[in-house]
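Read the structure below first, then the notes.
Numbering (this note's numbering), first residue to last: 112 to 168.
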């Protein structure tokens with residue numbers, strides 16, 4: 112979780128990521144996403160996709 116405001120570069124990256132996942136949602140590929148709630152270097156996010164093959168994911 113952020114403790115400071117994101118840089119412009121990070122904001123742009125998050126926006127691109129959001130639009131990419133939105134597109135996958137519209138195609139029925141993206142199912143859900145989330146992140147851990149710990150607030151240290153071990154935090155991570157996960158995305159669940161519905162694809163025919165691992166390489167499609």
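Ideal placement from N, C-alpha and C gives every residue a C-beta, glycine not left out.
Hey, residue i and residue j: beta-carbon distance below 8 Å or not?
i           : j           : result
residue 164 : residue 140 : no
residue 155 : residue 147 : yes
residue 125 : residue 144 : no
Grab me the residues of residue i's own chain with a C-beta within less than 6 Å of its C-beta, minus the 5 sequence neighbours each way, in chain order.
i           : result
residue 135 : 141
Quick one: what's got a C-beta closer than 7 Å to residue i's C-beta in the same chain, skipping five residues either side?
i           : result
residue 128 : none
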